[in-house]
Amino acid sequence: MQIGFNAPSGGPLATPEALTRLAQGAEALGFHYATVSDHVVIPREIGAKYPYTDSGEFPTSSRGERHELLTQAMFLAARTERLRIVTSVMVVPHRPAMLTAKILSTIDVLSGGRLTVGIGAGWLREEFEALQAPDFDARGRVTDEYILAARELWTKEDPRFEGEHVRFGNIGFAPKPVQNPLPVWVGGESGPALRRAARLGDGWYPIGTNPSHPLDSLARYRAAVEKLRGLTRAAGRDPAGMALAYRVQKFGPEVPAKAGDGERRLFSGQPGEIAADLRALKEAGVGAVDLTFPGETAEQALDAMRAFRDTVLAKV
195 MQIGFNAPSG GPLATPEALT RLAQGAEALG FHYATVSDHV VIPREIGAKY PYTDSGEFPT
255 SSRGERHELL TQAMFLAART ERLRIVTSVM VVPHRPAMLT AKILSTIDVL SGGRLTVGIG
315 AGWLREEFEA LQAPDFDARG RVTDEYILAA RELWTKEDPR FEGEHVRFGN IGFAPKPVQN
375 PLPVWVGGES GPALRRAARL GDGWYPIGTN PSHPLDSLAR YRAAVEKLRG LTRAAGRDPA
435 GMALAYRVQK FGPEVPAKAG DGERRLFSGQ PGEIAADLRA LKEAGVGAVD LTFPGETAEQ
495 ALDAMRAFRD TVLAKV
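What follows is the structure, given as structure tokens:
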């Protein structure tokens, strides 16, 4: 199982020095990948419902300065040697399809094949409007089409595409990504996200604590995976080829001990219990788990990562 960590896009840990120390330190500790999140701008007034809080309010702590995701991904890749970089998640309709495919291919080439493209359709209507992105209500269709167009560019010597939102032909697209396929993990927990993963994804990459679609217990997660496998078979694809990844927002004693279904809440409690959760997820087929480690400085965050490695991962 690969273990990742969140590389902040804003705040005191998002300076060049802090990000470099965090990424290189995590690599030295044996962590496998860094995640970077995606907001281009934060509207001052937000009416859209944020999916990952009970109130639906976008956290105040997430509303400050933000680096651009793809630029930060390349920065982290350039500062490390083995660490994979995972976009967590890239809001696909925010950027033009062909340009984005080119940037992603470039990152993969220049990093030596260390990029995983986590994707989502987005939730923040006001940000779509500020970016003059395609119509928010069409974001699911746009996301699907952009991914199909990118795959055409990444894999075909004579790429051609005729869609509602993307059209091209008679072009060259090189260099291709080092990885073939360049892995695409589909984020999200809803029915449309599961169907997108089943049809288009190389992996499924949910967050466990979406109040509308909770995956906060092992029973709930297993049920969702079975649903995903059924959808994947119905799409004519082999479920065995679908990678499973899981994103953890909070862990430890401060997390409530019980999930909404009355079962043990994943990643609550003491190190031994969290290690047991990781073993159970590994047995369920999960190949990657990433977490956010606390700390006001890079050294504090690395101390938390070191403690996690020594008290949790050592027992997995």
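Residues 195 to 510 in the numbering used here are what the sequence shown lists, from first letter to last.
Glycine is no exception: its CB is placed at the ideal position from the N, C-alpha and C atoms.
In this text, all values refer to a predicted model and were calculated from it rather than measured experimentally.
- request: Give the C-beta separation of residue 257 and residue 277 to the nearest angstrom, bearing in mind that I take them to be a contact with Cβ-Cβ under 8 Å.
  value: With a Cβ gap of about 28 Å, residue 257 and residue 277 do not count as contacting.
task = Could you check if residue 286 is buried or exposed, using at least 16 other CB atoms within 10 Å of its CB as the buried criterion?
result = buried
Helix, strand or coil: how does DSSP classify residue 266 here? In the structure shown, residue 266 adopts helical secondary structure according to DSSP, grouped into three states.
#### Entry: Proximity of residue 201 and residue 217 at Cβ, strictly below 8 Å
yes
Going by the beta-carbon positions, is the gap between residue 388 and residue 412 smaller than 8 Å? no
request  = Alpha carbon to alpha carbon, how far is residue 505 from residue 219? Give it in angstroms, no decimals.
outcome  = 18 Å
Three or more C-beta pairs under 8 Å: does that hold for the region 309 to 322 against the region 232 to 250? Segments in contact, yes.
- Task: Say whether the region 361 to 369 touches the region 389 to 398, bearing in mind that this needs 3 or more beta-carbon pairs closer than 8 Å, one atom from each stretch.
- Result: no
Which residues bound the beta strand (DSSP E) around residue 379? 378 to 381
Thinking C-alpha only, which one of 344, 383, 359 is nearest residue 153?
Residue 153 lies beyond the residue range present for the chain, which begins at 195 and ends at 510; the question has no answer from this structure.
Practice prompt. Note down, in chain order, each residue of its chain lying with its Cβ closer than 6 Å to the Cβ of residue 255, except the 5 sequence neighbours on either side.
Written response: none
**Prompt:** What does DSSP give as the partner residues of residue 196 in its beta bridges?
**Reply:** 482
Among 462, 479, 475, 444, whose alpha-carbon lies nearest the alpha-carbon of residue 485? 444
query = Got a sec: is the Cβ-Cβ distance from residue 268 to anything in chain D below 8 Å?
reply = Looking at the structure shown, chain D is missing, and only one protein chain is on hand.
Quick check: the Cα distance between residue 327 and residue 288, rounded to an integer number of angstroms? Using only the alpha carbons, I get a separation of about 6 Å.
Notebook entry, point to check: Could you give the distance in angstroms between the alpha-carbon of residue 215 and the alpha-carbon of residue 429?
Noted result: C-alpha of residue 215 to C-alpha of residue 429: approximately 43 Å in a straight line.
Considering residue 303, what are the terminal residues of the alpha helix (DSSP H) in which it resides? 291 to 304
- For the alpha helix (DSSP H) holding residue 398, just list the boundary residues, first then last. Note, residue 398: premise wrong, no alpha helix (DSSP H); beta strand (DSSP E) at 397 to 399.
Original post:
For residue 302, which of 372, 280, 422 has the nearest alpha-carbon?
Top reply: 372
Return helix, strand or coil for residue 236, following the three-state DSSP convention.
Of the three classes helix, strand and coil, the one that applies to residue 236 here is coil, per DSSP.
Give me the Cα-Cα distance between residue 315 and residue 298, rounded to the nearest whole angstrom.
CA-CA distance, residue 315 to residue 298, rounds to 17 Å.
Check: In terms of DSSP beta bridges, what is residue 440 paired with?
Finding: 483
Next item on the list: Please go through the same chain and pick out, in chain order, the residues whose beta-carbon is closer than 8 Å to the beta-carbon of residue 221, but skip the five residues on each side of it.
Entry: Excluding sequence neighbours, residue 221 sits near 274, 275, 276, 277.
| said: Less than 8 Å between the C-beta atoms of residue 279 and residue 267, yes or no? | reply: yes
Nearest-angstrom Cα separation, counted from residue 379 out to residue 404
18 Å
Coil, strand or helix - residue 452 by DSSP = strand
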